[in-house]
Structure formats: structure tokens, C-alpha cells
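Read the structure below first, then the notes.
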Amino acid sequence: MVKRRTQGVGINSIKRKDLSKVNFSSVEGKVAIVTGASRGIGESIAEIFGENGMKVVCAAILVDGALSAGHQN
């Protein structure tokens, strides 16, 4: 029997301070298309990009999750 994970491993499981070394100033105002944005790594990436001034287009099979991720910012 194969066990499925109930929760994915996302960027939120990594300390956010690790991202403080990334220079997001060059991406401000640019557009990012994030697939898998309804949960896990895709959701975390969409949130981080949005927090840093990017316009984010979220694509996902689970529409509800992508909509909630997109409306946070």
C-alpha cells in the first residue's frame, strides 16, 4: 500500500529568513505565471512573489486554492 502525504512540503517549511538574501528589487512590477498555485510550493512561490511587488498569474487544477492565494495581496 502506498501512503500519500496529506501535506506537501512548501517554501513555508524553509525559514523565510533564508529568502532575505534574494534580491527581489529587479522583479518588482514584472509578471510571474505560477503553476500549481493552489497549494504547497506553488502557493508559497505565488505569495512570496506577490509580497515582493510582482503581478502573479496563478494556474491550478484546484481553483478554490488558487483563487484564495491570488486574493491575499
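Numbering of the sequence shown is given in full-length UniProt numbering, commencing with residue 1 and proceeding in unit increments.
Cβ coordinates follow ideal geometry from the N, Cα and C atoms, glycine included.
Computed from a predicted structure; not experimentally measured.
Please state whether DSSP places residue i in a helix, a strand or coil.
| i | result |
| --- | --- |
| residue 46 | helix |
How far does the beta strand (DSSP E) with residue i in it reach, from first residue to last?
| i | result |
| --- | --- |
| residue 33 | 31 to 35 |
| residue 27 | First-last for residue 27: undefined, no H or E at that position. |
| residue 55 | 55 to 59 |
If you compare alpha carbons, which of the options is closest to residue i?
| i | options | result |
| --- | --- | --- |
| residue 37 | 28, 53, 49 | 49 |
| residue 55 | 29, 45, 41, 42 | 29 |
Using C-beta distances below 6 Å, list every residue in its chain close to residue i, excluding the 5 sequence neighbours before and after it, in chain order.
| i | result |
| --- | --- |
| residue 62 | 38 |
Measure from the C-beta of residue i to each C-beta in chain C and report whether the shortest distance is under 9 Å.
| i | result |
| --- | --- |
| residue 32 | In the structure shown, chain C does not exist; there is a single protein chain. |
If I measure Cβ to Cβ from residue i and keep anything under 7 Å in the same chain, skipping five residues before and after, which residues do I get?
| i | result |
| --- | --- |
| residue 26 | none |
If I'm right that residue i touches residue j with Cβ under 8 Å, what's the distance once you round it to whole angstroms?
| i | j | result |
| --- | --- | --- |
| residue 59 | residue 34 | 7 Å |
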